[in-house]
Each structure stands twice: as C-alpha cells, then as structure tokens.
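For what it's worth, the UniProt record's numbering labels the leading residue of the sequence shown as 1, then goes sequentially.
Only one structure is covered here, and it is reproduced in the block below.
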Amino acid sequence: MSYTKLYKNSIDNPEKFWQEQAKNISWYKEPTVILSKDKNDYPQWFEDGELNICYLCIDKHIEDGFGEQIAIIYDSPVTNTKQKINFNQLQQEVSKLAGGLQSLGLQKGDTTIIYMPMIPQAIYAILACARIGVTHSVVFGGFAPKELSIRIDDCQPKAIITASNGIEINKIIPYKPYVDKAIQISSHQPQHVITFDRKQNVEIPKKDYDIDFEELCKKSKPAAPVAVKSTHPNYILYTSGTTGKPKGVIRDTGGHAVAMKFSIQNIYAVNPEDVFWAASDLGWAVGHSYTVYAPLINRSTTVLFEGKPIKTPDASTFWRIISEYKVKTMFTAPTAIRAIIKEDPQGKFIFKYDLSHYKFQFLAGERCDVTTLNWLEQKLNIPVIDHWWQTESGWPMLANMAGLELQEIKPGSAGLPVCGYDIQILNEEGEIAADDTEGLVAIKLPLPPGCLTDIWRNNARFKAGYFKKFPGYYFSGDGGYKDEDGYVFITGRVDDIINVAGHRLSTAEMEEIVASHPTVAECAVIGIHCDIKGQIPIGLIVLKSDVDTNHNLLEKEIIQRVRTDIGAVASFKKVLVVERLPKTRSGKILRKLLRNIADEINFNTPSTIDDPKIISEIQELYQQQQIGRFTKN
1 MSYTKLYKNS IDNPEKFWQE QAKNISWYKE PTVILSKDKN DYPQWFEDGE
51 LNICYLCIDK HIEDGFGEQI AIIYDSPVTN TKQKINFNQL QQEVSKLAGG
101 LQSLGLQKGD TTIIYMPMIP QAIYAILACA RIGVTHSVVF GGFAPKELSI
151 RIDDCQPKAI ITASNGIEIN KIIPYKPYVD KAIQISSHQP QHVITFDRKQ
201 NVEIPKKDYD IDFEELCKKS KPAAPVAVKS THPNYILYTS GTTGKPKGVI
251 RDTGGHAVAM KFSIQNIYAV NPEDVFWAAS DLGWAVGHSY TVYAPLINRS
301 TTVLFEGKPI KTPDASTFWR IISEYKVKTM FTAPTAIRAI IKEDPQGKFI
351 FKYDLSHYKF QFLAGERCDV TTLNWLEQKL NIPVIDHWWQ TESGWPMLAN
401 MAGLELQEIK PGSAGLPVCG YDIQILNEEG EIAADDTEGL VAIKLPLPPG
451 CLTDIWRNNA RFKAGYFKKF PGYYFSGDGG YKDEDGYVFI TGRVDDIINV
501 AGHRLSTAEM EEIVASHPTV AECAVIGIHC DIKGQIPIGL IVLKSDVDTN
551 HNLLEKEIIQ RVRTDIGAVA SFKKVLVVER LPKTRSGKIL RKLLRNIADE
601 INFNTPSTID DPKIISEIQE LYQQQQIGRF TKN
C-alpha cells in the first residue's frame with residue numbers, strides 16, 4: 001500500500017488501523033477495546049489487552065525456533081571487547097536477573113532505576129524489569145549525583161541497578177560512587193543497590209544496601225514473563241522541563257509494543273534477521289525504542305556500541321561497525337556526523353570499508369543542517385533521512401517512511417507526517433496556518449499508540465504542559481511550517497530547552513545553578529548555535545556591586561558548579577560578565593534577543609526594551625569573546 005493511502009487510513013479510522021497493527025504482535029489476551037479514554041479524558045490504547053514486552057523481545061522468537069539467532073552485537077572499542085549474544089543466551093541472562101529481582105521482593109507495580117554504561121548488562125536489566133512488570137527508569141550515566149537524586153526522589157525506586165564504572169576516552173566514570181552520593185542526598189532511600197563489577201580495578205565502595213549483580217544471578221531461579229495490562233507503565237523516562245525539574249514521561253506496554261513493531265518495519269525498512277544500529281545511549285528515548293525494544297520485538301539484531309564516533313580510535317569507527325556487522329539501517333544524531341566531518345572532511349575512511357549492505361542512514365536528535373545531510377548523501381550514496389520525534393512521542397512523528405514507500409527527500413525538512421500523527425501548524429489563536437507560514441507544531445488527538453500516557457506522579461503538569469495551550473491537540477513545544485507538498489520544516493524550540501548533541505537540557509536549571517554563586521546578582525543562560533553539537537549553552541552574568549574578583553577564576557567556579565550538578569553533558573564552558581542584561585520595561589530578560597544576536601538571526605529591536613543601547617554593547621562583547629557568529633572555528 002502506498003504511503004498516501006496508508007497514512008489517510010490511519011487518520012480517517014485510527015481504531016481500525018491500529019487494531020490491524022496490533023495483530024502483528026502476540027498477546028496473552030487480545031484487546032477488544034482498541035481506543036478508549038481514561039478518567040482525565042485522555043486517549044488510551046488496547047486497555048483490556050494483556051501481554052509482556054520481554055516475552056515479545058525474547059521468548060516468542062525462541063518458541064518460533066530462532067533461539068540461535070544473534071539478538072545483540074556488543075562492540076566496545078573503549079575496552080577492546082566484542083560479543084555476540086543469541087536469543088537463548090539473552091533469555092538465560094534476563095530470566096536469571098529477573099528471578100533475582102523477585103527474590104529481593106520486587107514485583108509488578110514497583111519501580112527501579114537503571115544507571116549503567118553501554119554494556120549488555122544494561123539491556124539485561126531493562127528486560128528483566130519488564131519481564132516481571134517492574135517499571136524501570138533508565139538514567140543517562142553521564143548525569144551527576146544531584147540529577148540522579150532528583151529522579152530517585154521522583155520515581156522512588158525499590159532498587160537501583162548500576163555498574164562499577166563507565167569508560168570515556170582515557171577516563172573512568174565512577175558510577176557506584178555517584179549512586180552512593182545520590183542516595184545520600186535523596187529523601188527516598190532505595191532498599192537495594194545491585195552493582196555489576198566490570199572488573200577493571202575500580203574500587204567499589206561497600207554499603208549495607210549493596211548486592212553483587214553476578215552473585216544475585218547465579219543463585220536465583222529463572223523468572224517467567226508476567227502478564228501485565230496494555231496500559232501498565234513499562235518505563236519512566238525523564239526529559240528536561242521548562243521549570244528546571246525533569247518530567248517523568250510514562251510509556252505504556254501494549255501501545256509501545258505495537259508502535260515499535262510498526263515503525264521499525266515501515267519507517268526504518270528493517271526486517272527480521274536484518275542488523276539495525278541506533279547509536280544512542282540507553283538513557284535516551286532512541287536507546288529505549290530502537291536499541292532495545294523495536295529491533296528485538298522484530299527479531300532483528302541490534303548493535304550495542306560503547307564508544308564515540310571519533311577517537312575510539314578515530315573517525316572510521318562508525319563505518320567499521322557498519323561493514324563488520326553488515327548493518328542495513330543506522331540511526332544517529334547529526335552532531336555525531338559533524339564530529340566525523342571535522343576529523344575526516346573528505347570522507348576518506350568511508351571508502352576503506354565494504355558498505356554494500358548499508359541501505360539507509362537516519363538522523364534525528366536535533367535539526368539536521370543541509371550541509372551535513374548533503375555531505376552524507378554524497379559520500380554514502382544511499383538515502384539520508386532526517387526525521388523528527390521527541391521523548392514524549394517515543395517514536396517518529398515526521399519521517400520518510402522508507403520501509404513503506406521512499407518519498408522525495410527535501411533537505412531541511414524532517415519529512416512527512418508518520419501514520420497516526422495528524423500534524424498541524426497552528427498560530428497563537430489555534431488556527432491552522434497557511435502553507436510556508438511559520439507557527440507552532442501541534443498534533444491532533446488522539447495520538448497514536450506508543451506516545452506518553454502521563455507524567456509520573458504529576459498529571460496536572462501533564463495536562464498543563466501539553467494540552468492546555470491548544471485543547472484537542474498535543475503541543476510539541478516546537479515551531480515550524482509546512483510547504484505546499486505537506487513536508488514539515490521544524491525551526492526549533494519555543495521554550496528554554498536547548499539541544500546539546502541530541503541531549504535536551506533546561507537552561508532554566510542551569511540559570512538556577514549559576515545564580516547560586518555568591519557573586520552573581522542576576523544571569524541568563526542561552527543556547528547558541530554550534531557546528532558540532534547543534535547548540536551549546538553560555539552564561540551571561542551581572543556581578544553584585546560590591547564584588548571585586550578575578551573573572552577567569554569566577555568563570556571556572558561557575559562552570560564547575562554546572563558540571564557538578566548536571567554533568568559534563570551540559571557542555572557549559574563559557575561565562576560572560578556584563579554590566580546589565582537586556583530587559584523589557586517590565587523586567588523580563590530578553591533571552592531570545594541574546595540568542596538572535598549570537599546566531600546572526602535577523603531581529604527587530606523589541607519595542608518593549610528598556611534601553612536599546614544595550615544591543616550594540618552585547619554585539620561588541622560577543623565580538624571580543626568570539627561568541628556565536630564571531631567564532632572563527
């Protein structure tokens with residue numbers, strides 16, 4: 001069926017469309033109620049169905065005779081380790097860990113936090129929790145103890161599953177000490193911390209709550225999959241919020257499983273036994289959906305990569321992996337490609353490898369610039385597809401559905417709406433904007449299966465943040481426009497969330513940290529364009545009048561505060577001291593103006609500005625400090 005016809009069916013009759021798609025996965029109890037509403041009048045999918053998503057990822061394939069097929073390829077250039085894990089081995093590892101969790105008293109309805117590096121045991125932990133109905137929350141291992149503690153207090157895990165350490169380029173990340181520190185500063189106290197020792201001569205501090213990962217698995221009986229309701233929270237994934245407090249997005253089980261099966265085949269053109277690689281950390285939505293669930297549900301082989309696109313050992317790493325494992329479709333963030341281009345601008349490494357199995361390159365995580373997309377197309381000579389989605393959606397909202405029917409690729413556009421998503425561009429009054437007119441990107445309800453079902457322990461924030469602005473629509477928080485062919489162009493966030501190398505981070509949270517320094521009177525943190533990372537934050541501070549301090553030392557202190565509280569992932573490396581900040585007459589800081597000056601975006605002097613002369617002062621400061629458009633590299 002053509003894209004146009006299938007998409008129209010999904011919008012005109014969503015119940016019938018998704019009822020058909022639900023038949024492509026195995027249920028313990030097939031749903032008869034396809035689309036309903038919960039007590040908050042929010043759409044729910046397959047509410048009377050029962051299933052287990054771990055069963056779909058593992059046991060189903062073994063029952064069908066594919067136990068010896070490779071499920072996971074683990075490639076870790078930072079440890080010089082390679083491992084292939086088949087479905088039989090995966091079942092043994094996951095079921096034993098699940099049994100161990102049950103022996104500790106964890107059961108359906110409990111929560112865990114998984115704070116691990118990119119190792120197979122992280123996937124075992126994810127699937128073991130899903131196997132027994134324990135709602136898991138994977139926290140990106142680069143986050144500092146304070147960020148981890150915020151998530152501990154919010155989701156209140158009965159246990160935390162972690163590892164002795166992570167490994168960056170020439171650097172050890174002490175995971176277990178970070179967990180101990182996070183627990184120390186948390187109000188909620190988990191009962192158990194289960195630690196996998198990577199045996200790399202890293203000291204593991206011992207606490208009363210500690211349990212050894214391998215010992216727990218050795219002494220435990222394998223656990224069978226536990227049936228859960230389709231609406232059961234499979235996992236919580238935290239995303240930055242405009243208030244500075246992360247939001248715990250809830251992903252259900254049944255809708256998510258159906259969306260994963262549909263999307264990996266119809267968007268990414270991946271069939272059973274194909275090799276698929278999503279080069280994302282397991283702590284992000286891509287890692288959940290397309291390193292773990294979608295490929296394994298589809299009986300495809302997934303690549304788990306512990307390394308970087310460059311310096312592990314060089315800019316050839318991606319192409320080596322694609323060649324060595326015969327990857328068909330690969331998914332990464334544009335920032336990874338930009339890093340490769342910087343190291344290998346001619347793409348010489350690409351031509352050293354046999355990439356004949358490589359059919360599609362997908363990009364997402366931030367907007368892909370035309371230059372990067374064109375470079376990849378020219379070097380790879382395959383379709384390079386930019387697409388758009390969010391933690392909240394859990395799977396693509398805009399894409400070129402390569403598995404269904406490859407459409408024209410328009411550089412700069414994230415493509416056409418994916419089946420199930422009725423995407424509209426609205427003006428501030430909620431009216432549909434004309435073609436080529438920028439507005440606010442919203443999706444008409446019901447959202448398709450697999451999207452967020454609530455915010456953990458904060459339904460009021462869920463309703464206010466996503467549905468209050470445009471009743472009957474999910475508001476994405478992004479701006480954009482449609483062209484006459486229906487292609488959507490995403491222009492960026494309309495709030496204060498910035499996208500640093502595919503990581504959504506809150507400038508409001510950074511401002512709070514910067515403002516806590518005793519010398520700072522007021523501040524603004526903004527995201528400015530970066531050729532490599534998409535955006536990077538910079539801070540502008542006004543000092544207290546009685547302060548006489550070394551500006552270089554002050555900058556180092558503030559940068560260290562942000563690094564301690566949020567982590568190196570923030571890439572916060574520049575602080576500018578200013579006499580004053582541009583404000584409206586009512587006292588609101590004009591952050592967008594600060595961004596536009598740095599990014600050389602055309603702007604009009606706001607009529608509400610209290611002193612127009614400050615614009616030239618900021619321009620001069622940026623030039624002196626080589627900020628934004630004045631940066632030479």
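Ideal placement from N, C-alpha and C gives every residue a C-beta, glycine not left out.
- Query: Counting only runs that start and end within the stretch 356 to 418, where is the beta strand (DSSP E) found for 3 or more residues in a row?
  - Reply: 360 to 363 and 384 to 386
*Under the three-state reduction of DSSP, which class applies to E214: helix, strand or coil?*
helix
Does DSSP classify G254 as helix, strand or coil?
-> In the three-state scheme derived from DSSP, where H, G and I count as helix and E and B as strand, G254 is classed as helix.
Quick one: what's got a C-beta closer than 7 Å to P43's C-beta in the same chain, skipping five residues either side? L35, K37, L445, P446 and L447
- Item | Complete runs of the alpha helix (DSSP H) confined to the stretch 270 to 312 [at least 4 residues] | 294 to 297
Reference P145, options I425, F351 and K176, closest by Cα = The residue with the shortest Cα to Cα distance from P145 is K176.
Q619 in three-state terms, based on DSSP
helix
| said: Considering only their Cβ atoms, is the gap separating F362 from F318 smaller than 7 Å? | reply: For the 7 Å CB-CB criterion, F318 and F362 do not form a contact.
Next item on the list: Assign V547 to buried or exposed, taking buried as 16 or more other Cβ atoms, counted over all protein chains shown, within 10 Å of its Cβ.
Entry: exposed
Item checked: Whether K379 touches G347 by CB criterion (7 Å) -> yes
Does the distance from the C-beta atom of F305 to that of A279 stay below 7 Å?
-> yes
Which residues in the same chain have their Cβ closer than 6 Å to the Cβ of E392, if we skip the five residues on either side of it in sequence?
V249 and L452
| request: Report back the beta-carbon spacing between I425 and K482 to the nearest angstrom; my notes put them in contact at under 8 Å. | output: I425 to K482, Cβ: 5 Å. Contact.
### Query
For L101 versus Y124, is the C-beta spacing smaller than 7 Å?
no
Where DSSP assigns a beta bridge to M260, which residues make up the other side? Answer by DSSP bridge pairing: none, since M260 is not bridged.
message: So if DSSP puts R591 in a beta bridge, which residue, or which two residues, is it bridged to?
response: BP columns for R591 are empty, so no partner.
query = Does the distance from the CB of N86 to the CB of I73 come in under 7 Å?
reply = no
Next on the checklist: Distance check for N427 and F603, CA to CA, integer angstroms please.
Outcome noted: 20 Å
Unbroken alpha helix (DSSP H) run spanning I552, endpoints:
Note that residue 552 corresponds to Asn in the displayed sequence, not to Ile. Counting along the chain, the alpha helix (DSSP H) containing N552 begins and ends at H551 to D565.
Item to check | Proximity winner among V575, F462 and R561, relative to residue 634 (alpha-carbon distances) | outcome: This structure does not reach residue 634, given that the chain is present from 1 up to 633, and the question cannot be answered.
Checklist entry - What does a CB cutoff of less than 6 Å around S95 pick up in its chain, not counting 5 residues either side in sequence? => result Excluding five sequence positions before and after S95, the CB atoms of its chain that fall closer than 6 Å to its own CB belong to P222 and A223, given in chain order.
Opening and closing residue of the beta strand (DSSP E) in which F195 lies: For the record, residue 195 in the displayed sequence is Thr; it is not Phe. Unbroken beta strand (DSSP E) run through T195: H192 to F196.
* To do: Give, in chain order, every unbroken run of the alpha helix (DSSP H) that is at least 4 residues long and sits entirely within the stretch 319 to 346.
  => 334 to 343
TODO: Go to Q548, then tell me how far its alpha helix (DSSP H) extends in each direction, as first and last residue.
DONE: Note on identity: in this sequence residue 548 is Asp, with Gln being the wrong assignment. Counting along the chain, D548 falls outside any alpha helix (DSSP H), and DSSP gives it neither H nor E.
| request: Determine the burial state of V569: buried for a count of at least 16 other Cβ atoms within 10 Å of its Cβ, exposed for fewer. | output: buried
| Is it true that the stretch 414 to 421 meets the stretch 2 to 9, where meeting means three or more beta-carbon pairs spaced less than 8 Å apart? | Touching, yes, given that three or more Cβ pairs across the two stretches are closer than 8 Å.
**Asked** Unbroken alpha helix (DSSP H) runs of length 4 or more, entirely within the stretch 31 to 78: which are they?
**Response** 60 to 63
By DSSP's criteria, Q91 is part of a beta bridge. Which residues make up the other side?
Note: Q91 sits in no beta bridge, so no partner.
Buried versus exposed, by CB contacts within 10 Å (16 or more), Q265: buried
Q) Do the CB positions of W157 and N165 come within less than 7 Å of each other? A) It should be pointed out that residue 157 corresponds to Pro in this sequence rather than to Trp. Their beta carbons are not under 7 Å apart, which means P157 does not touch N165 by this criterion.
* Starting from K84, trace the beta strand (DSSP E) both ways and give me its first and last residue. => Note, K84: beta strand (DSSP E), T81 to N86.
With 16 other CB atoms within 10 Å as the buried threshold, where does I185 fall? exposed
- Under a three-way DSSP split, which group does I185 fall into? coil
Thinking C-beta only, is L540 closer than 7 Å to A521?
no
Could you tell me which of K556, F475 and P449 sits nearest to K16, measuring between CA atoms? Among K556, F475 and P449, the Cα nearest to that of K16 belongs to P449.
Apply the 10 Å Cβ neighbour rule to V33 and answer buried if 16 or more other Cβ atoms are within range, or exposed otherwise. By the Cβ-count criterion, V33 is exposed, with fewer than 16 other Cβ atoms from all chains shown falling within 10 Å of its own Cβ.
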